[in-house]
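Reviewing the structure listed below.
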Ligand SMILES: CCCCCCCC/C=C\CCCCCCCC(=O)OC[C@H](COP(=O)(O)O[C@@H]1[C@H](O)[C@H](OP(=O)(O)O)[C@@H](O)[C@H](O)[C@H]1O)OC(=O)CCCCCCC/C=C\CCCCCCCC
Ligand SMILES: Nc1ccn([C@@H]2O[C@H](COP(=O)(O)O)[C@@H](O)[C@H]2O)c(=O)n1
Ligand SMILES: [Mg+2]
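Residue numbers (UniProt numbering): 1 to 252.
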């Protein structure tokens with residue numbers, strides 16, 4: 001949903017990115033420092049039930065981390081490794097935030113709510129994995145009621161308010177997140193299922209070998225098949241998807 005704000009956000013982040021770029025900081029440094037700060041904020045403050053300061057520290061580093069793409073673009077340093085690092089570090093940061101919440105809730109004796117936080121962590125990972133895997137297979141998967149920004153905003157606003165003593169807000173937010181993340185997984189399954197059914201299976205690259213007792217014929221590989229190896233395989237579109245993510249001025 002908040003993805004719609006990307007163009008507007010880009011207009012704000014690009015001049016800031018230009019300023020940061022002048023200091024010589026690289027996009028990968030921003031990604032790593034942003035993640036390290038988020039992880040430290042989550043694992044130092046939340047387990048001690050210091051939700052307010054934890055939220056402020058995490059928010060500062062998450063917002064800082066949003067500059068990596070802008071700096072990469074204005075300096076012409078966008079790279080495939082950077083894109084990989086960015087997405088992978090996002091998963092580390094998300095895991096630390098929910099692990100920190102779980103630790104704080106457990107210490108407070110709220111084991112039930114800690115389990116909901118664990119569910120949110122796992123569901124968030126599945127949401128992101130579904131998109132990564134879909135894109136690796138050449139599909140698009142830019143859908144979902146609770147993409148990363150929505151999940152972070154809900155969790156962080158609730159944790160901050162919980163830290164200020166607002167009752168039930170964290171409980172409500174974690175249950176809401178659990179539901180919304182589950183719906184998002186369903187939305188991503190549905191969009192990939194539709195594309196997989198609409199696109200016929202790729203023809204085999206070479207004429208199929210004669211089946212024999214020693215080497216049975218393999219089913220054709222491609223995005224239309226029901227199951228397959230974990231590694232991305234050639235498909236009609238991966239380059240196109242990647243180009244889209246690397247297009248100048250576009251937040252992927
Ligand atoms: C009294 C209590 C005070 C508490 C204050 C707390 C306020 C906290 C509120 C907000 C702060 C957090 C903002 C978080 C913003 C979102 C961060 C973010 O992830 O932005 C990047 C995001 C995704 O970009 P990427 O393409 O780089 O990442 C992709 C993503 O990870 C995908 O994940 P998936 O969705 O699949 O799970 C991966 O699949 C993919 O691999 C990966 O590449 O960008 C956007 O989504 C663009 C829209 C962002 C809109 C953000 C709006 C922020 C609005 C306001 C922030 C202002 C907060 C002010 C705080 C004041 C603090 C005192
Ligand atoms: N260390 C990095 C981080 C990002 N990129 C590039 O930016 C794109 C993501 O931009 P966002 O504005 O969505 O964060 C990413 O796909 C890369 O092209 C980079 O090169 N190095
Ligand atoms: Mg980033």
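We treat Cβ as the ideally placed atom computed from N, Cα and C, and that holds for glycine.
Just so it is clear, the structure is predicted and the values come from calculations on it, not from any experiment.
Residue environment: residue 193 is assigned as exposed (fewer than 16 neighbouring CB atoms within 10 Å of its CB, all protein chains considered). DSSP places residue 145 outside both helix and strand once states are collapsed to three, so it counts as coil. At least one heavy atom of ligand 2 sits closer than 8 Å to the Cβ of residue 85. Taking C-beta atoms as the reference points, residue 163 and residue 55 count as a pair closer than 9 Å.
Rounded to the nearest angstrom, the Cβ distance from residue 13 to residue 147 is 17 Å, too far for a contact under 8 Å.
The continuous alpha helix (DSSP H) containing residue 119 extends over residues 111-136. Residue 34 has its CB nearer than 8 Å to a heavy atom of ligand 3. DSSP places residue 48 in the helix class (H, G or I) of the three-state scheme. The Cβ-Cβ distance between residue 36 and residue 57 does not fall below 9 Å. In this structure, DSSP gives residue 23 a state outside helix and strand, which the three-state scheme calls coil. The nearest non-hydrogen atom of ligand 3 is 8 Å or more from the C-beta of residue 124. Of all alpha-carbon atoms in 94, 62, 71 and 117, the one lying nearest the alpha-carbon of residue 125 is that of 94. Taken in chain order, the whole alpha helix (DSSP H) runs of length 4 or more contained in the region 51-87 are 51-65 and 67-74.
By the CB criterion at 9 Å, residue 32 and residue 71 fall outside the cutoff. A Cβ-Cβ distance of about 20 Å is found for the pair residue 85 and residue 142, leaving them out of contact under the 8 Å criterion. When secondary structure is reduced to three states using DSSP, residue 108 falls in the coil class, being assigned neither helix nor strand.
Here DSSP, grouped into helix, strand and coil, assigns residue 199 to coil. In this structure, residue 17 has its CB at a distance of at least 8 Å from all heavy atoms of ligand 3.
In the three-state reduction of the DSSP assignment, residue 164 falls in the coil class, being assigned neither a helical nor a strand state. Nearest to residue 77 by C-alpha distance, out of 97, 181, 175 and 25, is 25. Cβ contact annotation for residue 158 (same chain, cutoff 8 Å, sequence separation greater than five): 169, 170, 172, 173 and 174, in chain order. Residue 106 and residue 49 have their C-alpha atoms some 10 Å from each other. Ranked by how close their Cα comes to the Cα of residue 109, the residues 47, 189 and 15 have 47 in first place.
The residues 169, in chain order, have a CB closer than 7 Å to that of residue 161 in the same chain once the five nearest residues on each side in sequence are set aside. Cβ-Cβ distances below 6 Å link residue 189 to nothing in the same chain once the five nearest sequence neighbours on each side are left out.
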